[in-house]
Each structure stands twice: as structure tokens, then as C-alpha cells.
């Protein structure tokens, strides 16, 4: 049985992978001798959406980690800033 943490981790991993693939595709478009502006715009819009998905997955995962560890968001932020 997959736990909520494992499910969230898998979802975050998939979101990160699709975000990375979109970044790579944008880099390829920009590296072209004469980039297709329409293609660039489409992939830039996709990148924005993929980033939102990744950020949402990341926040959900972070909340689960905090819940599991029994710490508040402020405590996590304080610890994270120290590193």
C-alpha cells in the first residue's frame, strides 16, 4: 500500500521531471538559428504551468514532512535559513 507521503513524493518527482523536460525543450528552441516565436511562446506558457504544478507538489510534500516531523512552517524556515 502506498502511503500519502510516497504518493506525494511520486507526484512531485513526476512534476519535476516534466518541468525539466520543458526547460530542455526551451533551451533547444532558443539555441536554434532562427527560433520559431510561436513554438517559443507555447513552450514558455507550458513552462509556467509546469512550474506551478511543481511548486504545488513541492508545498504539499513540505507540509507532509513538517506534519510528520511535528514542526511548524516557521520552525522549518528558521532551520532552513541557518543552512
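In UniProt numbering, the protein residues as written are 1 to 83. Ideal Cβ positions, reconstructed from N, Cα and C, are used throughout, including at glycine. Keep in mind it's a predicted model, so treat the numbers as computed, not measured.
| request: In the DSSP assignment, find the alpha helix (DSSP H) that holds residue 56 and state where it starts and stops. | output: Position 56 of the chain shown holds residue 56. Per DSSP, residue 56 belongs to the alpha helix (DSSP H) from 37 to 69.
| If we call anything under 8 Å between Cβ atoms a contact, is residue 16 one with residue 61? | Your numbering for residue 16 matches position 16 in the chain shown. Your numbering for residue 61 matches position 61 in the chain shown. No, these two residues do not count as a Cβ contact at 8 Å.
| Whole-angstrom distance between residue 32 and residue 67, CA atom to CA atom | Here the question's residue 67 lines up with position 67 in the chain shown. Here the question's residue 32 lines up with position 32 in the chain shown. Taking the straight line from one Cα to the other gives about 46 Å.
| Below 8 Å, can you find three or more Cβ-Cβ pairs linking the stretch 3 to 13 to the stretch 23 to 32? | no
| request: With a threshold of 16 other CB atoms inside 10 Å of the CB of residue 34, please say whether the residue is buried or exposed. | output: Here the question's residue 34 lines up with position 34 in the chain shown. Residue 34 should be labelled exposed.
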